[in-house]
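Quick note: the sequence shown, position 67, residue 67 per full-length UniProt numbering, numbers continuous. The beta carbon of each residue, even a glycine, is placed where N, CA and C say it ideally should be. Values in this document were obtained by computation on a predicted structure and should not be read as measured data. For reference, the structure is listed below as structure tokens.
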Amino acid sequence: MEDCVEINSSDEGEPERIGISSASCSPLPHSERSNTPVSANLRQQQQRITRRTENGQLKKLETDPKFLANFNPNTSRREKRKLNRKSTPLVVPKTTGIYNERGIHRETGKDMCDCLDMSCPGCHFPCQCCGSSKCGPHCRVTRKWMYESIEHDAKDLVIRNKLMIKK
Numbered sequence: 001m002e003d004c005v006e007i008n009s010s011d012e013g014e015p016e017r018i019g020i021s022s023a024s025c026s027p028l029p030h031s032e033r034s035n036t037p038v039s040a041n042l043r044q045q046q047q048r049i050t051r052r053t054e055n056g057q058l059k060k061l062e063t064d065p066k067f068l069a070n071f072n073p074n075t076s077r078r079e080k081r082k083l084n085r086k087s088t089p090l091v092v093p094k095t096t097g098i099y100n101e102r103g104i105h106r107e108t109g110k111d112m113c114d115c116l117d118m119s120c121p122g123c124h125f126p127c128q129c130c131g132s133s134k135c136g137p138h139c140r141v142t143r144k145w146m147y148e149s150i151e152h153d154a155k156d157l158v159i160r161n162k163l164m165i166k167k
């Protein structure tokens, strides 16, 4: 009885009890409670609602038998949007330099020192960028030019670059 609330109605002289369940708050015994018009009416409404939803769902499936027949998660619009959102354009590194990333001449494939001697194992200090001892004061990997010739002032000696291709 503690879950019930008494409400006086103007039409009837007796207070009406409303609570969590009208059947549990009824002062009538259990056998008489099931036959009361209030509890019977509630049961009928609940059955109608469940029948309506069940029938509605069944009716919907009967009218549209091809529901999700063409569904493919690999080609759905949502998956396509997700892939397009994450895709980034591929950045292809430019090969504009004369030397590759290891300091080798791109056109000839030879690894010549900056002193322009083909047999030199490397006569310079190790490069700060690539670590090669064949780079002069500027790293071969990052530069876009090459030495054409070396002139010695004390001697009348000029060393020409053998990798320079005359056009």
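The criterion of a C-beta distance shorter than 8 Å is not satisfied by residue 164 and residue 151.
Residue 39 carries a helical assignment under DSSP once its states are collapsed to helix, strand and coil.
Contact check for residue 159 against residue 116 passes: the beta carbons are separated by less than 8 Å. Shown here, residue 83 sits in a helix according to DSSP, grouped into three states. With a cutoff of 8 Å on beta-carbon distance, residue 132 and residue 126 are scored as near each other.
In the three-state reduction of the DSSP assignment, residue 160 falls in the strand class, which pools E and B. Boundaries of the beta strand (DSSP E) around residue 151: 149-152.
Here residue 140 is buried, its C-beta having at least 16 other C-beta atoms within 10 Å.
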